[in-house]
Every structure is written in C-alpha cells, then in structure tokens.
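Numbering (the working numbering), first residue to last: -6 to 91. Structure record follows, encoded as structure tokens.
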C-alpha cells in the first residue's frame, strides 16, 4: 500500500506536515479540549511505559531502549509519528463541534 497520503498536496485541507497542522489546529482550538486530549495521550504513554517495564530487572533503562529502537527503526517511527499527529488533530477537530 502506498503512503502517498502523507505527502503534501496544494489542494488538500492539510497543506503542510501533519506536525505543523496539529500545532496550527491545537493553537486555535479551545484550550480545555487540547489539554484533555494531551492528558489522554499522556495516560496512554504512561500505560505503555508500564507495560514495557513490567517484569524487567531493576537496571532496565526504558529511555535507552526507546532511543535504540528509534535509531534502528527511524523511518518507521517517523511514519508512525505522522499518523499519530493526524490522529491527534482529528480528535481535537471532532471535539470542536461538540
């Protein structure tokens, strides 16, 4: 499957990178909505860290593990980040009408 949907298109409502669009929208959106979505993201992050750390020894360094994985899988991580920015932007936009 092609990942062309990540590429910029002049006629697209999301002109710019997913990261830039997230910050454009989050800076214009209701502060409480953005805070709530960030809190949901941080909770998800905390749970993932807990799951990764579960059953590890005391010397386990999660930051080292994450850095190593990011280095070894940089392209995949960047593609995932783009998708997550789009997801977060969508979550904020969907809540603007409610």
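Don't be surprised by glycine CBs; every beta carbon is placed ideally from N, CA and C.
Can you give me the Cβ contacts of residue i inside the same chain, cut-off strictly under 8 Å, excluding the 5 residues immediately before and after it?
{"i": "residue 38", "result": "none"}
Using DSSP with H/G/I as helix, E/B as strand and the rest coil, what is residue i?
{"i": "residue 84", "result": "helix"}
{"i": "residue 90", "result": "coil"}
{"i": "residue 13", "result": "helix"}
Just mark residue i as buried or exposed, buried being the case when its beta carbon has 16 or more other beta carbons within 10 Å.
{"i": "residue 9", "result": "exposed"}
{"i": "residue 59", "result": "exposed"}
{"i": "residue 62", "result": "exposed"}
{"i": "residue 14", "result": "buried"}
{"i": "residue 85", "result": "buried"}
Might you give, ordered along the chain, the residues of its own chain that have their beta carbon closer than 6 Å to the beta carbon of residue i, omitting 5 neighbours on each side?
{"i": "residue 82", "result": "14, 15, 18"}
{"i": "residue 11", "result": "75, 78, 79"}
{"i": "residue 30", "result": "84, 85"}
CB-CB under 7 Å to residue i, same chain, minus the five flanking residues each way: which ones, in chain order?
{"i": "residue 55", "result": "42, 45, 46"}
**Message:** Suppose only complete runs of 4+ residues qualify. What are the alpha helix (DSSP H) ranges in the segment 21 to 79, listed by chain order?
**Reply:** Runs found: 24 to 46, 55 to 65.
**Stretch-stretch touch, CB-based, cutoff 8 Å, three pairs: the segment 43 to 57 with the segment 18 to 35** = no
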